[in-house]
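Following: one structure in structure tokens, then a few remarks.
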Amino acid sequence: NAGVTQTPKFQVLKTGQSMTLQCAQDMNHEYMSWYRQDPGMGLRLIHYSVGAGITDQGEVPNGYNVSRSTTEDFPLRLLSAAPSQTSVYFCASLASGMNTEAFFGQGTRLTVV
Amino acid sequence: GEDVEQSLFLSVREGDSSVINCTYTDSSSTYLYWYKQEPGAGLQLLTYIFSNMDMKQDQRLTVLLNKKDKHLSLRIADTQTGDSAIYFCAETTSGTYKYIFGTGTRLKVLA
């Protein structure tokens, strides 16, 4: 019963490097999203997808790209990492419907030096 | 735009009640949620309330909603050390899937 799986759990990058944070869900949820969590700022929405082939920007999209080629996977790409992207990243998925619980992955702690 | 505010810290003694407060600005909010985040983990849903309700009780948890003042609270009765965590309130509007989260309240339970 995996739910939402994020990899890696921890990552250290040098400024300017690129990388992809992986997110996979096995609940056949249509909606997936990426958040970053910073102290005192709660969770801020980076990008989201309402279904395969459809993505849109959230509150803080700059410096990040996403794609949704399948229902299950929603990777987040950092094109050229910056120290300001040091954060904990969470992927979430939701089923469609009126009231829907968000299921979260365990998070990826990213440090950019 | 939408905004959800919470106080950052709360400290209570084991066995006491905890009350975590949240204010929001979006009057079209349909569902309001409380999520719990334990150290090193993702968020898990604790409870939710529909915007046409004033109160919801679920075992030790009581949610109060004052829609006029856009104020939401979570009361935890008989708080235990296992309740130490960060608590987030969040809101969504019917027809969208975008959660707006509060800043989170770190609850520390003292033995």
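Heads up: the protein sequence lines correspond to chains D and S, in order. Position one of the first sequence corresponds to residue 1 (my numbering), numbered consecutively onward. Position one of the second sequence corresponds to residue 114 (my numbering), numbered consecutively onward. Glycine included, each C-beta is placed from N, C-alpha and C at the ideal position.
Name the two residues that bound the continuous beta strand (DSSP E) containing residue i.
| i | result |
| --- | --- |
| GLN17(D) | Counting along the chain, GLN17(D) falls outside any beta strand (DSSP E), and DSSP gives it neither H nor E. |
| THR136(S) | 131-137 |
| GLN6(D) | 4-7 |
| SER69(D) | Segment: none, SER69(D) is in no beta strand (DSSP E) and carries neither H nor E. |
| VAL60(D) | Counting along the chain, VAL60(D) falls outside any beta strand (DSSP E), and DSSP gives it neither H nor E. |
| VAL50(D) | 43-51 |
Please name the residue, chosen from the options, that lies closest to residue i on a Cα-to-Cα basis.
| i | options | result |
| --- | --- | --- |
| THR175(S) | GLU118(S), ALA224(S) and ASN134(S) | ASN134(S) |
| THR5(D) | VAL112(D), GLN106(D), LEU110(D) and THR111(D) | GLN106(D) |
| ARG77(D) | PHE10(D), SER84(D) and MET19(D) | MET19(D) |
| SER49(D) | LYS211(S), TYR161(S) and LYS149(S) | LYS211(S) |
How is residue i classed by DSSP in three states: helix, strand or coil?
| i | result |
| --- | --- |
| ASP196(S) | helix |
| GLN172(S) | coil |
| GLN106(D) | coil |
| SER33(D) | strand |
| SER93(D) | strand |
| SER120(S) | coil |
| SER84(D) | helix |
| VAL222(S) | strand |
Since residue i and residue j are thought to touch, with beta carbons under 8 Å apart, how far apart are those beta carbons, to the nearest angstrom?
| i | j | result |
| --- | --- | --- |
| PHE104(D) | LEU156(S) | 5 Å |
| ASP191(S) | ARG219(S) | 20 Å between Cβ atoms; not a contact. |
- prompt: In the stretch 55-75 of chain D, which residues sit with their C-beta less than 7 Å from some C-beta in chain S, listed in chain order?
  reply: For the stretch 55-75 of chain D, which is checked against every Cβ of chain S, not one residue is closer than 7 Å.
query: Which residues, taken in chain order from the stretch 88-107 of chain D, show a beta carbon closer than 9 Å to some beta carbon of chain S?
result: For the stretch 88-107 of chain D, which is checked against every Cβ of chain S, the residues closer than 9 Å are PHE90, CYS91, ALA92, LEU94, SER96, MET98, ASN99, THR100, GLU101, ALA102, PHE103, PHE104, GLY105, GLN106 and GLY107.
field: Positions along the stretch 26-43 of chain D whose CB lies within less than 7 Å of some CB in chain S
entry: So the close ones are TYR31, GLY40, MET41, GLY42 and LEU43.
message: At a CB distance below 9 Å, what residues from the stretch 139-173 of chain S approach chain D? Give them in sequence order.
response: Going along the stretch 139-173 of chain S in chain order, one finds THR143, TYR144, TYR146, TYR148, GLN150, GLY153, ALA154, GLY155, LEU156, GLN157, LEU158, TYR161 and PHE163 with a Cβ nearer than 9 Å to chain D.
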